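Trainee:
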Amino acid sequence: MNDIAWIDAALTSARPQAIGALLRYFRDLDTAEEAYQEACLRALKTWPEKGPPRDAASWLIMVGRNAALDGVRRRSKQAELPPEDMISDVDDVETPMAERLDGAHYRDDILRLMFICCHPELPATQQIALALRIVSGLSVKQIARAFLVGEAAMEQRITRAKARIAKAEVPFETPGPVERAERLAAVMEMVYLVFNEGYSAGSDAADVRARLSEEAIRLARLLQRLYQTEPEIMGLTALMLLQHARSPARFDADGAIVLLEDQDRSLWNRDLIAEGLALIDKAMRHRRAGPYQVQAAIAALHDRAARPQDTDWAGIDQLYAALEVMKPSPVVTLNRAVAVSKARGPAEALAMIEPLEPALAGYFYFFGARGAFLLQLGREVEAKQAFDRAVSLANTAAEAAHIRQQIDRLTAGAAAGAVR
Amino acid sequence: MLYALLCYNSEEVVFSWSKAEDDEVMAKLGAVHSKLAEKGKLGPSLRLLPTTAATTLRKSDPPMVIDGPFAETKEQLLGFYVVDCEDLEEALEIAGDLGRANPGGAYEIRPLRLFVPGTLPEGVGVG
Chain Y
1 MNDIAWIDAA LTSARPQAIG ALLRYFRDLD TAEEAYQEAC LRALKTWPEK GPPRDAASWL
61 IMVGRNAALD GVRRRSKQAE LPPEDMISDV DDVETPMAER LDGAHYRDDI LRLMFICCHP
121 ELPATQQIAL ALRIVSGLSV KQIARAFLVG EAAMEQRITR AKARIAKAEV PFETPGPVER
181 AERLAAVMEM VYLVFNEGYS AGSDAADVRA RLSEEAIRLA RLLQRLYQTE PEIMGLTALM
241 LLQHARSPAR FDADGAIVLL EDQDRSLWNR DLIAEGLALI DKAMRHRRAG PYQVQAAIAA
301 LHDRAARPQD TDWAGIDQLY AALEVMKPSP VVTLNRAVAV SKARGPAEAL AMIEPLEPAL
361 AGYFYFFGAR GAFLLQLGRE VEAKQAFDRA VSLANTAAEA AHIRQQIDRL TAGAAAGAVR
Chain B
421 MLYALLCYNS EEVVFSWSKA EDDEVMAKLG AVHSKLAEKG KLGPSLRLLP TTAATTLRKS
481 DPPMVIDGPF AETKEQLLGF YVVDCEDLEE ALEIAGDLGR ANPGGAYEIR PLRLFVPGTL
541 PEGVGVG
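Residue numbers (this note's numbering), protein chains in the order written: chain Y, 1 to 420; chain B, 421 to 547.
(1) Compute the beta-carbon to beta-carbon distance between A131/Y and V194/Y, rounded to the nearest angstrom, for a pair I have assumed lies under 8 Å.
(2) By how many angstroms is the C-alpha of A18/Y removed from the C-alpha of S58/Y?
(3) Look at the alpha carbon of G64/Y and the alpha carbon of Y199/Y, and state the distance between them as a whole number of angstroms.
(4) Assign V338/Y to buried or exposed, taking buried as 16 or more other Cβ atoms, counted over all protein chains shown, within 10 Å of its Cβ.
(5) Find the nearest neighbour of P523/B within the set R530/B, D442/B, P482/B, G450/B, judged by alpha-carbon distance.
(6) Please go through the segment 425-484 of chain B and give each complete alpha helix (DSSP H) segment of 4 or more residues, from N-terminal end onward.
(7) Just by C-beta distance, which residues in the segment 253-282 of chain Y are closer than 7 Å to chain B?
(8) Do you know how far the Cα of R285/Y is from the Cα of A386/Y?
(9) Exposed or buried, what is F147/Y when buried is set at 16 or more other beta-carbons lying within 10 Å of its beta-carbon?
(10) Once the 5 residues before and after S136/Y are set aside, which same chain residues still bring their CB inside 6 Å of it?
(11) Which of helix, strand or coil does DSSP assign to F366/Y?
(12) With respect to the beta strand (DSSP E) encompassing F535/B, which residues constitute its N-terminal and C-terminal limits?
(13) Please list, in chain order, all residues of the same chain as D252/Y whose beta carbon is under 8 Å from its beta carbon, the five residues on each side excluded.
(14) Looking only at its chain, what residues have a beta carbon closer than 7 Å to the beta carbon of R404/Y, apart from the 5 residues adjacent to it on each side?
(15) Under 6 Å Cβ to Cβ from M326/Y, same chain only, skipping five residues before and after it: list those, please.
(16) Taking 8 Å as the threshold (beta carbon to beta carbon), is V536/B in contact with chain Y?
(17) Just curious, the alpha helix (DSSP H) that I529/B is in, first and last residue?
(18) Closest Cβ-Cβ distance between S139/Y and chain B: below 8 Å?
(19) Determine whether the beta carbon atoms of I233/Y and L241/Y lie at a separation below 8 Å.
(20) Quick one: list the residues of chain B neighbouring A9/Y, beta-carbon separation under 7 Å, in chain order.
(21) Roughly how many angstroms lie between the CA atoms of E492/B and I486/B, to the nearest whole one?
(22) Threshold first: 4 residues or longer. Then list the alpha helix (DSSP H) segments lying entirely within the segment 226-281 of chain Y, N to C.
(23) Is there a C-beta anywhere in chain B that falls below 8 Å from the one on S136/Y?
(24) G488/B lies in the alpha helix (DSSP H); which residues open and close that run?
(25) Going by other Cβ atoms of all chains shown within 10 Å of its Cβ, with 16 needed for buried, is N335/Y buried or exposed?
(26) Closer than 8 Å between beta carbons: that is the criterion. Which residues of the segment 213-232 of chain Y meet it against chain B?
(27) My guess is that L393/Y and F364/Y are in contact by the Cβ rule of under 8 Å, so how many angstroms apart are they, rounded?
(28) Within its chain, find whatever has a CB closer than 6 Å to the CB of Q127/Y; leave out the 5 residues flanking it on each side and keep chain order.
(29) Give the DSSP-derived three-state secondary structure of V502/B in the structure shown.
(30) Could you check what DSSP says for K539/B in three-state terms: helix, strand or coil?
(31) Determine whether the beta carbon atoms of L540/B and L469/B lie at a separation below 8 Å.
(32) I need the DSSP call for M154/Y, collapsed to helix, strand or coil.
(33) In this structure, does DSSP put D109/Y in helix, strand or coil?
(34) Name the residues in the segment 449-467 of chain B whose C-beta lies less than 7 Å from a C-beta of chain Y; which are they?
(35) Cα separation between L422/B and G545/B?
(36) Give me the residue from T229/Y, G315/Y, E261/Y with the minimum Cα distance to A474/B.
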């Protein structure tokens, strides 16, 4: 890696801590971002000559803060003094560096920065865009490409989201244990949203969007370093690693989805699987199960099977049963039914999903699964009806193509039957 | 004389490399490795999973298990083992046995990402 690439990587990894601290000082996101930008410009000038500092984040915080304060002072000569609450602690500018960079703050700084991106008023897509812009530092152009929208539209989406959180109350006091746990839960959910935004992409956008999944994993590792003893963060990181490990096998050469049972398992990324399994081991020692840990355990049972027929479906059924208790949802039951169909047959699985239809009437996977169960039971006419519904509800071209394949097989089978 | 070369770098940076970047570095290293192997100079080499996957066993009485890497600066790295285990529990048991034989300090238990046994000529040893 050359110097500039290394500096770039160092700036990216220092970013959440640096902007988080600057946000605490200035209590204004735009000021914090500008201060960080200014610090980055100076880093690009001085680091190649002098070498990167030992602690890049502290350097950026100091330089960014001083640069922003200079700006405020310069403006204040021409205008009135800035409102007190814009600058939280101007008076301690001269205190020693060690004191100013209070290490104890940094966990809460990063958590706060991530937390403001998951404001409940923001729709999921805005939360993701904002997190990628503010926390990860992706450019608007990169985010726009990942979302398959124009740059101007994405710029507007981010500006709107920022305006919303600027109006909202951003909590700057140090959170208590309960608040901290709540923030952490919201942030974990947001990180998983970022991951899924990348993971659910079709093959046409797979390269760009894989970046989002990788970014989510990076954020999860960051959270884990901040909260080392929290088993649900280990579970979340493990879940994403174990799913992302299968990415190289998820699409065929034509861009069509390859189902888990048809994937070439030799393409799975063994490094990521090893890391995911190690994290589950760590999490299990705490004996405090949670939804992310259970979902990671399910992913692990898939990843551990050398061949599809080696999959421990009974174990997966049990894990989904546990998940149904922790986080009841028709989608969880639907997933459990797939395991049940393998472990105990399609009749039981079909009975399990029948009551879900009202809740999942607009859900592609529901009709896909229903069609598959019906097909296994030999009820081909009903299977075709279900597959037709699935096609009409597909979110991506690849999803639709996959179901059409099933329909084609069905029709071909019927034709062959008629000939016979 | 045998030497151990201990690899240090910023984990956040290295684990943010894309697969292409990682492959490029590994390919460059691979060229160096083969040269060393040809000369019979390369013993075991390995790559660790990130510190987020680490667990630490403090060799106190009773021993204390801590999530995360070994973070103290009072102690220095004095050696290491590579053990083949079913899971973390087994690794902790082994670390516990070793700790009873040699109390004080800690073991950081870190899963491996890559292990290359290497090939030193027979008879090569310390000194």
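Built from N, CA and C at the ideal position, the CB exists for glycine as well. Just so you know, these numbers come straight off a predicted model, no measurement behind them.
Mentor: According to the data block:
(1) About 6 Å separates the Cβ atoms of A131/Y and V194/Y, confirming a contact at the 8 Å cut-off.
(2) So the two alpha carbons sit approximately 7 Å from each other.
(3) Between G64/Y and Y199/Y, the C-alpha separation is close to 35 Å.
(4) By the neighbour-count rule (16 or more Cβ atoms within 10 Å), V338/Y is buried.
(5) When each option's Cα is compared against that of P523/B, the closest is P482/B.
(6) Within the segment 425-484 of chain B, the complete alpha helix (DSSP H) runs of at least 4 residues are 431-434, 439-458.
(7) From the segment 253-282 of chain Y, only D271, A274, E275, A278, L279, D281, K282 have a Cβ closer than 7 Å to chain B.
(8) Roughly 43 Å between the two C-alpha positions.
(9) Buried is the call here.
(10) So the list reads E215, once near-sequence residues are dropped.
(11) Assignment of F366/Y by DSSP, reduced to helix, strand and coil, places it in the helix class.
(12) Note, F535/B: beta strand (DSSP E), 532-536.
(13) Leaving aside the five residues that flank D252/Y on each side, the residues in its chain whose CB is nearer than 8 Å to its CB run, in chain order, V258.
(14) So the qualifying residues of the chain are V391.
(15) Result list for M326/Y: P291, in chain order.
(16) Not an interface residue.
(17) No alpha helix (DSSP H) contains I529/B, which is instead part of the beta strand (DSSP E) from 526-529.
(18) By the rule that beta-carbons nearer than 8 Å mark a contact, S139/Y does not touch chain B.
(19) The answer is no: Cβ separation not under 8 Å.
(20) Within chain B, the residues near A9/Y are V433, S436.
(21) Near 12 Å, if we compare the C-alpha coordinates of I486/B and E492/B.
(22) List check, alpha helix (DSSP H) in window: 231-244.
(23) Closer than 8 Å: no.
(24) Unbroken run through G488/B: none, as it is neither H nor E.
(25) That one is buried.
(26) Near chain B, meaning a CB-to-CB distance below 8 Å, the residues of the segment 213-232 of chain Y are E214, R218, R221, L222, Q224, R225, Q228, T229.
(27) That pair is a contact at about 4 Å.
(28) If we look at Q127/Y and ignore the five residues flanking it on each side, its Cβ neighbours are C117, C118, M190.
(29) Per DSSP, reduced to three states, the secondary structure at V502/B is coil, with no helix or strand assignment.
(30) A quick correction: the sequence has Thr, not Lys, at residue 539/B. In the three-state reduction of the DSSP assignment, T539/B falls in the coil class.
(31) No, these two residues do not count as a Cβ contact at 8 Å.
(32) DSSP places M154/Y within a helical segment (H, G or I) once states are collapsed to three.
(33) D109/Y: helix per DSSP, three-state reduction.
(34) Answer in chain order: no residues at all.
(35) As the crow flies, the alpha-carbon of L422/B is around 7 Å from that of G545/B.
(36) Sorting T229/Y, G315/Y, E261/Y by C-alpha distance to the C-alpha of A474/B places T229/Y at the top.
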